[in-house]
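*Asks:*
2 protein chains.
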Amino acid sequence: MSDFKKSSSPPRVSPQPTLKVEKSERTRAAILNAGLEFVWSQPFRDMTVNALMASTGLSRSAFYQYFNDLHDLMETLLDMLKEEVFAATGSWFTGAGDPIALLNESLAGLVDVCNRLGPILRATNDAAATDERLENAWAQFVKQFDDAVTTRIEADQAQGLIPDFDARPLAIALNRLDAYTLIEAFGQHPISQPEPVREALARVWISTLYGSEWLRDRPSDLVRN
Amino acid sequence: MSDFKKSSSPPRVSPQPTLKVEKSERTRAAILNAGLEFVWSQPFRDMTVNALMASTGLSRSAFYQYFNDLHDLMETLLDMLKEEVFAATGSWFTGAGDPIALLNESLAGLVDVCNRLGPILRATNDAAATDERLENAWAQFVKQFDDAVTTRIEADQAQGLIPDFDARPLAIALNRLDAYTLIEAFGQHPISQPEPVREALARVWISTLYGSEWLRDRPSDLVRN
DNA sequence: ATAATATCTGACATCATGTCAGATTTCAAA
DNA sequence: TTTGAAATCTGACATGATGTCAGATATTAT
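Protein chains in written order, with our numbering: chain Y, -12 to 212; chain U, -12 to 212.
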């Protein structure tokens, strides 16, 4: 009871835990944390350098010591997200063993990351619409998945595990499915239950790639890996 | 040869073909056409009332006689798109007969509309990120599909044509698949070939809903209906 | 304690927005 | 065709966000 906490609060950025903690590192982290707070509570379109810095006690112009503009800050948050997403989804791409089990694992990891960091996902995607640089960063992020998924599909096609369709358009479509279903589900309030979302994504991926016959049973034994 | 034309140029909006053509109707149409031209050639983030009106010969302030702001104009374009999309996809929702054939038809129609009107799709989605009103309009548009698809899935589940999963999360996921695959494919240059996109979407929908066994054959006999 | 350096601030120039009073154009009645 | 009321258009203004910069203040090593 005592440890109750609102379901999802932003993560925090801490400066390098070196002995010497430069002032600049601390304020940079403070600004990033203000950004996280903001993105967790308000849509990106309301973010303004003024509003952001007001919650740090620093002047508006101090912001420009650390970031070129708001989109630059968002790109930093996107980098945080990317790391976690790559870490969570690696298994299906690199792992050996039952492809369906690995795919399930990757999707579960992806859903978990987005459940925790959904607002970053949504905000960076929103922000990308108003800035060419960030849009390219986002596009490149997604493209890495398009490539990886295409490769994996083609490998499994070579093994006869997946029927012989044109892999790339399918990979692109399935990745858009993930990205925007997850943004919708976890990007902003009200936040969805993760489990039905995971089930929906898994059903689509598995029946499209490996065939619907693999869905009958398969209890959720993958929750504890 | 003489009738060759760039693969995709914006449609044009014409005033009501009444006898009396009000001046205001003509300039409203002119502004909308300027909006279409713009969205066909540049990203929405570069659209400015100045830039838009420059191409009409009217003053910047004249714009505000017809629209509250750029997002208001975009909402008008979205309405144009909605009509076409509803007209193109109706068959699977309302029609009677072979569900898979109807689904194929609806998806083909959807791909065709987006192939013609892709820039509107992309621009309105981009614009929605910076305006609450338009964001709601977009969300409502998509939600209509979520509801319709959910209903159709549940009806087919009742008939035993579709397995008994939770319909709504699936419907949401599949609609995001369509929306953002189509934005990606036709929203901006370079524009994809429609056919591989159509095939990818059809494969995902059909194998997820009705089972992958329906994909083996089925030549593209639906092209001419 | 102090000087060199790092960090921060206020003030400025720029640009897009939306409004409004008044100028200009349209159009229907005479 | 003329005319004047209504419709349409325009320039000028106030506002608010942006990014920069010179100088002020704080930090840190010695």
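From the three backbone atoms N, C-alpha and C, an ideal C-beta is built for every residue, glycine too.
1. Where does the unbroken alpha helix (DSSP H) through R15/Y begin, and where does it stop?
2. For E182/Y, which residues from the same chain have a beta carbon less than 7 Å from its beta carbon, with the 5 sequence-adjacent residues on both sides left out?
3. Is the CB of L157/U under 8 Å away from at least one CB in chain Y?
4. If the cut is a Cβ gap below 9 Å, which residues of chain U does G221/Y touch?
5. Measure the CB-CB distance between L94/U and L169/U and report whether it falls below 8 Å.
6. Within the continuous alpha helix (DSSP H) that includes F173/U, where are the two ends?
7. For Q175/Y and C101/Y, what's the separation of their Cα atoms in angstroms?
8. What's the C-alpha gap between I193/Y and I87/Y?
9. Identify whether D118/Y lies in helix, strand or coil by the three-state DSSP scheme.
10. Anyone know if the C-beta pair for A154/U and E141/U falls short of 8 Å?
11. Exposed or buried, which one is S78/U when buried takes at least 16 other CB atoms within 10 Å?
12. Give me the Cα-Cα distance between F(-9)/Y and A115/U, rounded to the nearest whole angstrom.
13. Look at the alpha carbon of D165/U and the alpha carbon of G44/Y, and state the distance between them as a whole number of angstroms.
14. Is it buried or exposed, G105/Y, if we count other Cβ atoms within 10 angstroms and call 16 or more buried?
15. Tell me which residues share the same chain as F128/U and place their Cβ nearer than 8 Å to its Cβ, disregarding the 5 neighbours each side in the sequence.
16. Let's see if you can read the secondary structure: which residues bound the alpha helix (DSSP H) around E71/Y?
17. Tell me the rounded alpha-carbon separation between E71/Y and T63/Y.
18. Indicate the three-state DSSP secondary structure (helix, strand or coil) for S(-4)/Y in the structure shown.
19. How is the alpha helix (DSSP H) around M40/Y delimited, first residue to last?
20. Mind listing the chain U neighbours of A187/Y? Cutoff is C-beta to C-beta under 7 Å, in chain order.
21. List the residues of chain Y that F152/U touches, going by C-beta distances under 9 Å, in chain order.
22. Within the continuous alpha helix (DSSP H) that includes A187/Y, where are the two ends?
23. With burial defined as no fewer than 16 other Cβ atoms inside 10 Å of the residue's Cβ, what is the status of G84/Y: buried or exposed?
24. Compute the distance between the beta-carbons of S199/Y and G198/U, then report whether it is under 8 Å.
25. Verify the CB distance criterion: does A135/U have a CB-CB separation below 8 Å to chain Y?
26. Since F31/U is in the alpha helix (DSSP H), which residue starts that stretch and which ends it?
27. Pair every Cβ in the region 145 to 160 of chain Y with every Cβ in the region 147 to 161 of chain U, then say whether three or more of these pairs are closer than 8 Å.
28. In chain order, what residues of the region 54 to 72 of chain U put their CB closer than 9 Å to some CB of chain Y?
29. Under 9 Å, CB to CB, which of the residues in the region 111 to 125 of chain U have a partner in chain Y?
30. Among the candidates T195/Y, V184/Y, L60/Y, whose CA atom is the shortest distance from the CA of I107/Y?
31. Quick test of your reading: A21/U and S42/U, contact by CB under 8 Å. State the CB separation rounded to the nearest angstrom.
32. Taking CB distances under 8 Å as the criterion, tell me whether L164/Y reaches chain U.
33. Please check if any C-beta of chain U sits within less than 8 Å of the C-beta of S207/Y.
34. Under DSSP, the alpha helix (DSSP H) around F54/U begins and ends at which residues?
*Replies:* Quick answer:
1. 10 to 28 is the span of the alpha helix (DSSP H), which, as asked, contains R15/Y.
2. Excluding sequence positions up to five before and after E182/Y, its CB lies less than 7 Å from no other CB in the same chain.
3. True, the Cβ-Cβ gap to chain Y drops below 8 Å.
4. In the structure as shown, chain Y starts at -12 and stops at 212, and residue 221/Y therefore has no counterpart that could be examined.
5. Not closer than 8 Å, so no.
6. Note, F173/U: alpha helix (DSSP H), 154 to 173.
7. Answer to the nearest angstrom: the Cα atoms are 11 Å apart.
8. I193/Y and I87/Y: Cα-Cα distance of roughly 7 Å.
9. Looking at D118/Y - three-state DSSP - the assignment turns out to be coil, as it is neither helix nor strand.
10. Contact check for A154/U against E141/U passes: the beta carbons are separated by less than 8 Å.
11. Classification for S78/U: buried.
12. Confidence is the limiting factor: at F(-9)/Y the pLDDT is only 43, short of 50, which leaves the residue's position unreliable, though a coordinate-based value still follows. When rounded, the distance between both Cα atoms is 35 Å.
13. Going by C-alpha positions, D165/U is about 45 Å away from G44/Y.
14. Residue environment for G105/Y: buried (at least 16 other C-beta atoms within 10 angstroms of its C-beta).
15. Sequence-distant partners of F128/U (beyond 5 residues in either direction) whose C-beta falls short of 8 Å from its own C-beta, in its chain, are L65, K69.
16. Per DSSP, the continuous alpha helix (DSSP H) segment holding E71/Y begins and ends at 57 to 81.
17. Rounded to the nearest whole angstrom, the C-alpha separation of E71/Y and T63/Y is 13 Å.
18. Coil.
19. Boundaries of the alpha helix (DSSP H) around M40/Y: 36 to 41.
20. Near A187/Y (Cβ distances below 7 Å), the residues of chain U are P156, L157, A160.
21. Per Cβ cutoff of 9 Å: E186, A187, R190, L202.
22. Secondary structure note for A187/Y: its alpha helix (DSSP H) is the uninterrupted segment 181 to 196.
23. By the neighbour-count rule (16 or more Cβ atoms within 10 Å), G84/Y is not buried but exposed.
24. Less than 8 Å divides the Cβ of S199/Y from the Cβ of G198/U.
25. Among the CB atoms of chain Y, none fall inside 8 Å of the CB of A135/U.
26. No residue range can be given for F31/U, since it is assigned to no alpha helix (DSSP H) and is classified by DSSP as neither H nor E.
27. As far as the Cβ criterion goes, the region 145 to 160 of chain Y does not touch the region 147 to 161 of chain U, which means the pair count is below three.
28. Taking 9 Å as the Cβ-Cβ cut-off against chain Y, none of the residues of the region 54 to 72 of chain U qualify.
29. Listed by position along the chain: N112, D113, A114, A115, A116, T117, D118, E119, E122.
30. Comparing Cα-Cα distances from I107/Y to each of T195/Y, V184/Y, L60/Y, the minimum goes to L60/Y.
31. Rounded, the Cβ-Cβ distance is 5 Å, consistent with contact.
32. Using a CB distance cut-off of 8 Å, L164/Y counts as an interface residue toward chain U.
33. Summary for S207/Y: the model assigns pLDDT 45, below 50, so the residue's position carries little reliability, and this model does not support an answer.
34. Where F54/U is concerned, there is no enclosing alpha helix (DSSP H), because DSSP gives it neither an H nor an E.
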